[in-house]
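These notes are about the structure you will find just below.
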Amino acid sequence: MGATEVVVRPRVVSPFQASLRVALRRMQVVWVGIRHSRTAMVGLAILVLFIGMAVFAPWLAPYGPIDRVADTSNCVPNISCPLSPPSAQHPLGISEEGSDIYSQVIWGSQISLIVGIFSAMVASVLGTAVGLVSGYMGGWVDEVMMRFNDVVLSVPWLVLMIIVAARIGTIDLLGLILVIGLTGWSITARVIRAQVLSVKERLFVERARMIGSSRSHILLRHIFPNAFPLIFANTILTVAVSILSEAVLAFLGLSIYNTVSWGKVINQAIGGGALVIGGNVWWVIVPGLCLVFLVFGFYLFGFALDEILNPRLRRR
Amino acid sequence: MARILKVMVRKVINAAITIFGIICLNYALLRLMPGDPALSLTPRDPKYQGLAEYNRELFGFDKPPWEQFVIYLQRTVTLDWGISYRLGLPVFDVLMRDLGWTLVLVGTSTVITIVIGMLVGSIAAQKRGKPFDLVSTATGIFLYGMPIFWLGFLLLATFEKGSIVGHYFTWWPALPSQGYYDDMLGQWAWDGAHLTSAAQHLILPALTLTLGTLAGISLVMRSSLIDVMTEDFVTTAKAKGLSDRQILRRHILPNGLPPMVALIALDLAFVIGGAYQVEVVFNYYGIGWETIQAIDNLDFPLLQFIIVVGGVAIVLANLVSDFILLLLDPRIKVS
Amino acid sequence: MLLEVKDLVIEYTTQSGTVHAVDGVSFNLDEGEALGLAGESGCGKTTTALALMRLLPYNGRIVSGSILFRGRDLVKVSDTRIRKIRWKDISIIFQGAMNSLNPVRNIGQQIAEPIVLHEAVEEQEAMRRVGELLELVGINRERMRDYPHEFSGGMRQRVMIAMALACNPKLVIADEPVTALDVMIQAQILELLERLRKELHLSMILISHDLSVMAETCEKVAIMYGGKMMEIGTTVDVFTDAKHPYTQGLVAAFPDIRGPRTMPASIPGDVPSLINPPTGCVFHPRCKFAFDRCTTAEPALAEVTPGRQAACFLYPEVPEVVLRTETVAAR
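Protein chains in written order, with the numbering used here: chain U, 1 to 316; chain V, 317 to 651; chain Z, 652 to 982.
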């Protein structure tokens, strides 16, 4: 051919950037899949609804989360006194401490979502890091990490959480997020590790090694993009679990003191005699239903995502 | 056969290491507690002041750390776990008794869950895309995300003696809901009255726990079976002229069960967690209930070994499931 | 005539739409004949094969057409009847036998399974036949109790062949029997298939995207594309004097070891979408001879020279396709 020399100047991009780019491109394909899946769209709709509730809480809720709306000296029995049943002014009634339950439920969405999402992110980052390193390095590193994982997995998480909580001291938002995040990484680590192990065996990794790529290079450019969709789907499911964990902790008394979460509302409801004759059942039922539907939304979306991301499942 | 033994031995060693790890973690956690460990082991009430000194000597807090650790290990192994000051009884005895009751609850619930879950899961997999599948899967996902304590309270409110519902519908069944057998019957004995009472008290808690965990099992069973159903060898089996039932029995189930067993084992940790909630809601005096009491009362001697007992139970359960898996899948035998 | 397939139409329902996997395919097979079903991946060959035994997956269905096997229309027979016909009269060898064998049972049990089922004999008795079959395909009968993962790819394919012959079927369908194997083993397996076919007087349908495989074993060959039949004729004739432009392209794309060292000409363009197939002739977007009529009307498969059928308007004898009327829904 002719003598024109073409100089190819490679774009200098760090391996991390490159792997992120590949990962993002894959996400675009996934988004198309999501749009086509009815399950995913329903789940997404539910999530959007609750996120909307959380974001617009200050405008949606007539009162603050712990505002005392009932003045015991000067209230109308069964309408604006503490422990009132649902009425036109207070659609879900008033709690024992004098707060408007309807507002509490709306404000509660904030805590459930914030704690759920952020603690899941902590757990996910930690679990993914452990899973990636453990799966890829193999050998004694893997053994040690998996033994530690077993220990964390085996100890009843409730006890672990309470002890970690006691160590941290008073519970504030950050504390709660850390507690749930630091105890929830074990399953993620196992799942990611399994995926890394199966990807490791694949030919293209062999070939990369033969060309002499460094370990970190392989990890970033080949293994991470392949594991990324799984990491994402797993995180969604972890959020659902975290939301439930927060509810259980709140129910047991471990909740943030200057605001409410749905678990705390249920706790107060039981304490306030919502389920005895003459009590206000909606006080218990509504926050519980909110939890159920929110988690339902996450699971629907997570399951649908799992089907989209796993090509073998799609074939079915 | 020798190879299976080698793998089994390896798993037992792993389990032992994990248990050791739990014991060490336990030790570390106590020392990580803010303040004087001897005081942690003693209730805050001033009248127990002398007990603090006693504890300090007993646990050797005045001795160097590594010696403390050895003492701790010794006492753990010899089952000398101290005295719960809330109950005034040896920790070991209390925990063993509680563990027994929790196992009854978890055991009953797990058996029912596995039987029904597997049944529902396999029918849903076979009738895939049809109404049964859609309804059961949607219900499953719905139940899966239900907070167990909430479900428990709703069931409690519906079925306990003097419930709201019972108030309006006099024919509505009322079930006992406090403790694990009728207090009036006194000390436990293996006779009809006690057994009946225990069974009655088991209904609501077991029902709650079953409903909470059923969904998980049936959903996993369904996906596991569908995974297998799309494998080529199932088409081969169909091509041979086998009926759907024969294919299910001989080809699908033997391949679909191993991942199920593995997943059930992993789920066990969550079932235990659920059991805790159920015990609190129904005042069922098992390990879970005891844990919450111990935390509320800062009964550290008890708390310490609850971690160990709970952890060991899960490790052993996983070991058993690993063994079952080993026997089921010939590929593992040779790999 | 052992097998007469007429105007077979098969659809799959997927989330992205209805896939017209097979759209009006017809061909015949005589006793003792070997027919090669060739075409690119996704053209409908495997779907056709599965349909012959009513083995379509849960989202596939036979929309219309007939499959006459020894005079009986397999599309219309009951489920019980088709189960009796499966393996006893028609059996199938799948590609990539790794997953085609149950990993948790040994091969002896799997080969014996259809024998016990169809011939009502005890497993003991069946095992004797299993031993014979294994020897027939060149596997030591001592390995009867071994598991599939203990065999190499080529050996597993031999196991599949032994299994396919277990009930002395009249027709054996081989779906890409050698695709997953390396060339040396390919030759061995093909030779084995040929030998067995002649010895046992079997009829065979061999499916492959690899024309060379067909050239060695089949007397007749049928070329499929986009879910439709493009050309049918004897192997020698079709390969030396291809009538349909697609077949010409396929044959030309095959490198000749004795020919000049140039890149073989490939057919430009991509395979058509089976959800939205092109109007008119399904091949016209990639055909260098395409003219106006090709974009609006669909050519039917018709005889263009004695013993040769092609679906192309280049030949005046070829009429247009008439819309089908009768619908049947079976799987």
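Yeah, the Cβ is synthetic: ideal placement off N, Cα and C, and Gly gets one too. As the structure is a prediction and not an experimental result, all values here were calculated from the model.
Ranking U/Gly116, U/Leu60, U/Leu291 by CA distance to the CA of U/Trp107 puts U/Leu60 first. For U/His90, no alpha helix (DSSP H) encloses it, and the DSSP letter there is neither H nor E.
The alpha-carbon of Z/Ala815 is positioned some 27 Å away from that of Z/Glu662. Nearest Cα to Z/Leu680 within the set Z/Thr885, Z/Asn710, Z/Val781, Z/Gly804: Z/Thr885. According to the DSSP secondary-structure assignment, Z/Tyr876 is paired through a beta bridge with Z/Lys879. Residues of the stretch 296–308 of chain U with a C-beta less than 8 Å from any C-beta of chain V: Phe296, Phe298, Tyr299, Leu300, Phe303, listed in chain order. About 5 Å separates the Cβ atoms of U/Ile177 and U/Phe118, confirming a contact at the 8 Å cut-off. Contact between the stretch 807–823 of chain Z and the stretch 738–748 of chain Z is present: 3 or more CB-CB pairs across the two stretches fall below 8 Å. Counting along the chain, no alpha helix (DSSP H) covers Z/Glu954; the unbroken beta strand (DSSP E) around it starts and ends at 953–956. If the five residues before and after Z/Val656 are omitted, its C-beta is found closer than 7 Å to the C-beta atoms of Val676, Ser677, Phe678, Ile718, all from its own chain and listed in chain order.
By the criterion of at least three beta-carbon pairs nearer than 8 Å, the stretch 592–611 of chain V is not in contact with the stretch 322–333 of chain V.
V/Pro521 is not a Cβ neighbour of V/Phe639, given a cutoff of 7 Å. In the DSSP assignment, Z/Thr699 falls outside any beta strand (DSSP E) and lies within the alpha helix (DSSP H) extending over 696–703.
Remark: fewer than three beta-carbon pairs, one from each stretch, lie closer than 8 Å, so the stretch 547–567 of chain V and the stretch 453–463 of chain V are not flagged as touching. Neighbourhood of Z/Lys735 in chain V, by CB distance below 9 Å: Gly557, in chain order. V/Ser637 is not a Cβ neighbour of V/Val587, given a cutoff of 7 Å. Three or more Cβ pairs drawn from the stretch 180–188 of chain U and the stretch 113–132 of chain U lie within less than 8 Å of each other, which places the two stretches in contact.
Using a CB distance below 7 Å, the part of the stretch 749–770 of chain Z facing chain V consists of Asn750, Ser751, Leu752, Asn753, Pro754, Val755, Glu764, Pro765, Leu768, His769, ordered along the chain. Contact annotation: Z/Val972 and Z/Glu949 have beta-carbon atoms nearer than 7 Å. Excluding residues up to 5 positions away in sequence, Leu530, Ile533, Ser534, Met537 lie with their Cβ nearer than 7 Å to the Cβ of V/Gly433 in the same chain. Counting only runs of at least 4 residues, the stretch 662–740 of chain Z fully encloses the following alpha helix (DSSP H) elements, listed from N- to C-terminal order: 696–703, 730–736.
If you compare the alpha carbons of U/Val292, U/Gly302, U/Val260, U/Ile223 with that of U/Phe16, the shortest gap goes to U/Ile223.
According to DSSP, Z/Gly884 shares a beta bridge with Z/Val872.
Out of Z/Asp658, Z/Thr669, Z/Glu691, Z/Pro708, the CA that lies nearest to the CA of V/Glu547 is found in Z/Pro708. Linking V/Leu467 to U/Val292 through their CA atoms gives a straight-line distance of about 10 Å. Between U/Ala40 and U/Phe296, the gap from beta carbon to beta carbon reaches 7 Å or more. Taken atom to atom, the span from the alpha-carbon of Z/Ile874 to that of Z/Pro923 is near 16 Å. The shortest CA-to-CA distance from U/Ile114 to any of U/Ala240, U/Gly253, U/Ser198 is the one to U/Ala240. DSSP places U/Glu96 in the coil class of the three-state scheme, outside both helix and strand. In the DSSP assignment, Z/Met855 falls within the unbroken beta strand (DSSP E) covering 854–859.
Taking one beta carbon from each stretch, the stretch 84–98 of chain U and the stretch 268–275 of chain U have 3 or more pairs nearer than 8 Å; the two touch. Non-local beta-carbon contacts of U/Ser186 in its own chain, meaning distances under 6 Å to residues more than five positions away in sequence, involve Asn149, Val152, Leu153 in chain order. Just so you know, the alpha carbons of V/Ala473 and Z/Arg705 end up roughly 54 Å apart. U/Asp100 and U/Arg25 have their C-alpha atoms roughly 47 Å apart. Annotation: Z/Leu952 to Z/Lys871 spans about 16 Å, alpha carbon to alpha carbon. Contact of V/Arg565 with chain Z by beta-carbon distance below 9 Å is absent, the smallest such distance being about 12 Å.
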